[in-house]
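Engineer: Following this message is one structure expressed as C-alpha cells.
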Amino acid sequence: MGQITTYLEMIKAQKQDRTALVLNGISYTYGELAELSLERSRDLSVFPEKGQGKRKLHVIKKEKILDQLLEFLACGENQRVPLLLPFDSKISPEETVVPENACMAFATSGTSGEPKIFFRTLESWYDYFPVQNRIFHIEKNSRIFMQGSLAFTGNLNIYLAQFSVGAAVIAEDRFLPKHWAEVIEQEKADKIYLIPSKLMCLPKILKRKNERVATILSGSQSLGKKEAETLKQYYPKAEIMLYYGASELSYLTYVTDRQMTEEKNLVGKPFPGVHIFVKNGEIYVDTDYHAIGISCPYSLSDRGYFDESGNLYFCGRGEDVVEIHGRKIFLLRIENILNSLDEVDEAAVLAVEKGNKKEITAFLCMKKKASGCLEQDKIKEKLRAFLADFELPDKIVIVPEIPKKESGKTDKQKLKEGLGY
10 MGQITTYLEM IKAQKQDRTA LVLNGISYTY GELAELSLER SRDLSVFPEK
60 GQGKRKLHVI KKEKILDQLL EFLACGENQR VPLLLPFDSK ISPEETVVPE
110 NACMAFATSG TSGEPKIFFR TLESWYDYFP VQNRIFHIEK NSRIFMQGSL
160 AFTGNLNIYL AQFSVGAAVI AEDRFLPKHW AEVIEQEKAD KIYLIPSKLM
210 CLPKILKRKN ERVATILSGS QSLGKKEAET LKQYYPKAEI MLYYGASELS
260 YLTYVTDRQM TEEKNLVGKP FPGVHIFVKN GEIYVDTDYH AIGISCPYSL
310 SDRGYFDESG NLYFCGRGED VVEIHGRKIF LLRIENILNS LDEVDEAAVL
360 AVEKGNKKEI TAFLCMKKKA SGCLEQDKIK EKLRAFLADF ELPDKIVIVP
410 EIPKKESGKT DKQKLKEGLG Y
C-alpha cells in the first residue's frame with residue numbers, strides 16, 4: 010500500500026479538502042487534521058522517557074477524542090511510540106524496551122487484573138485495512154458514526170481504517186444516545202460502529218426508521234438474532250455484523266444478521282488469512298497481523314467450540330469459565346440466558362470468592378415494566394428451563410443499573426465492591 014511509514018503520512022496522502030472527521034458537530038478536513046497534528050508534534054514538550062533505545066514510549070491520557078487523535082498522529086513525527094490509555098486509567102508503565110519497528114503500543118485489559126503492554130508495527134494494522142474494509146463495506150464515501158475513547162483499540166482501528174481510504178468518521182465524546190440518533194440522521198451516516206451495550210440504547214429512543222444506514226458493526230460483547238431483529242425495525246436496510254477479535258491479534262471471526270441465531274455466543278467464521286482451531290476447549294489463532302513478540306498459534310485463554318458448519322462459538326474469557334465442585338461453569342452462557350428473559354433489561358454474572366469457595370452471583374437490571382423486584386426463586390424457576398442445577402446462580406442481586414467502564418464494558422470490580430468484596 011505504498012510507502013506510508015506513519016499514520017500521519019496516511020492522513021497527508023488523502024485529498025486534503027475531503028472531510029475526515031465530524032466531532033461533536035465540528036468538521037475537520039484531512040488537511041486540517043494533518044496541520045493540527047503537526048502543530049501538536051511541534052508543541053510536545055520533553056517528557057520523562059519511558060524506554061530504552063532510539064524510540065520512546067509516549068503515554069497519552071486525554072479526555073477528549075480530538076486530543077487523543079492529534080497526539081497519537083503527532084508521535085509519528087518525532088520517534089515517539091504512542092500508548093493511548095483511558096483518561097481515568099491508573100496504569101503507570103514502567104521503563105520498557107520499545108522495539109525499533111513499533112509505531113504504537115496498547116494495554117490489554119489483563120485477565121489477572123494486571124494489564125500488559127504490547128507493541129504493533131504499522132504494517133500489522135495498515136496492511137490489513139483493505140481486507141477488513143471490504144468485509145465492513147468501508148470505502149471512500151463511507152460516513153461511519155462512532156462514540157467513545159480511542160484508548161480502546163476497536164475504536165482506534167476503525168478510525169484509521171476509514172482514514173486509509175479517505176472516508177469520514179462522525180463521532181461524539183459524550184454518552185447521549187438520543188443525541189447520537191439525531192447526529193446519525195443529520196450527518197447522513199451510512200454506517201454505525203458501537204459495542205452492543207451502546208448499540209442497543211438506540212432502539213429505546215428511536216421514533217422512526219432510518220433507511221440510509223447500510224451497515225451496523227459491533228464487537229466486544231454478545232449480540233444475537235433477537236437484538237438484530239430489534240435493530241432492523243429501525244434500520245431496515247442495514248446489514249448487522251458482529252466480530253470477535255482481540256487487541257493482540259486483530260480481527261478473528263465475524264457473523265452477519267443473516268447467519269445469527271438465538272445463540273448469542275455465535276461469532277461466525279474466520280476473517281480471510283486467519284486460521285483458528287480449538288484444543289481442549291481453548292481457542293488458538295494463527296495470523297500474520299498480530300502484536301510484536303507474539304508467536305502463533307497463540308491463545309488468549311478464550312474458550313469456545315466449532316459447530317459442524319465451521320462456525321465458532323465464544324464461551325468466554327479465561328476468567329469467565331470457573332470450576333465448582335469439579336464442574337465447569339460458563340458465566341457468559343448464564344449471562345446470555347438472563348439477558349434473553351423478557352423481564353431483564355441487562356445482566357452481569359460473576360464468580361465471587363466467599364471464604365474458601367466460589368459463588369455465582371447474577372446482577373440484574375430489570376425493565377421498567379417489570380412489577381417490583383422479582384424474587385430469586387421465580388428467576389431461578391425460569392432459568393431451570395435452560396440450566397442444570399449446578400449452573401444456577403447462588404445469589405441474585407437486583408441493581409438499578411449495571412456499572413460500565415469508559416469502554417462501555419461491564420465494570421466487574423464495581424459490582425464486587427457493591428457486595429463488599
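Each number in my numbering corresponds to the 1-based position in the sequence shown with 9 added. Ideal Cβ placement from N, Cα and C applies to all residues, glycine included.
(1) In the DSSP output, what is D295 paired with across the bridge?
(2) Here's the rule I'm using: 16 or more other beta-carbon atoms within 10 Å means buried, otherwise exposed. How should C305 be labelled?
(3) For D439, count neighbouring C-beta atoms within 10 Å of its own C-beta (all shown protein chains included) and say buried if the count is 16 or more, exposed if not.
(4) Within the same chain, show all residues whose beta-carbon is closer than 7 Å to that of E272, passing over the 5 residues directly before and after it, in chain order.
(5) State buried or exposed for I35, treating a residue as buried only when at least 16 other CB atoms are found within 10 Å of its CB.
(6) Name the one or two DSSP bridge partners that Q156 has.
(7) One question on the structure: do E236 and I303 come within less than 8 Å of each other, judged by their Cβ atoms?
(8) From S46 to K418, what distance separates their C-alpha atoms?
(9) Taking three-plus beta-carbon pairs below 8 Å as touching, is the region 251-268 in contact with the region 212-229?
(10) Going by DSSP in three states, K423 sits in which element: helix, strand or coil?
(11) Between Q88, M113, D97 and S349, which lies nearest to N166 when the distance is taken from Cα to Cα?
(12) Three or more C-beta pairs under 8 Å: does that hold for the region 189-196 against the region 152-167?
(13) In this structure, how does DSSP classify I369 when only helix, strand and coil are distinguished?
(14) What are the start and end residues of each continuous beta strand (DSSP E) run of 3 or more residues lying completely inside the region 313-350, in chain order?
(15) Is it true that the CB of I346 sits closer than 8 Å to the CB of L392?
(16) Quick one: measure Cβ to Cβ for K65 and V90, integer angstroms, because I've assumed they're closer than 8 Å.
(17) At which residue ranges does the region 206-267 contain complete alpha helix (DSSP H) runs of 4 or more residues, listed in the order of the chain?
(18) For the alpha helix (DSSP H) holding L82, just list the boundary residues, first then last.
Structural biologist: On the basis of the data shown:
(1) H284
(2) exposed
(3) Shown here, the chain extends from 10 to 430; a query on residue 439 therefore has no answer.
(4) G233 and Y322
(5) Label assigned to I35: exposed.
(6) E181
(7) no
(8) 30 Å
(9) yes
(10) helix
(11) M113
(12) Remark: three or more beta-carbon pairs, one from each stretch, lie closer than 8 Å, so the region 189-196 and the region 152-167 are flagged as touching.
(13) strand
(14) 321-325, 330-333 and 336-339
(15) yes
(16) Right, their Cβ atoms sit about 7 Å apart.
(17) 211-214 and 234-243
(18) Unbroken alpha helix (DSSP H) run through L82: I74 to A83.
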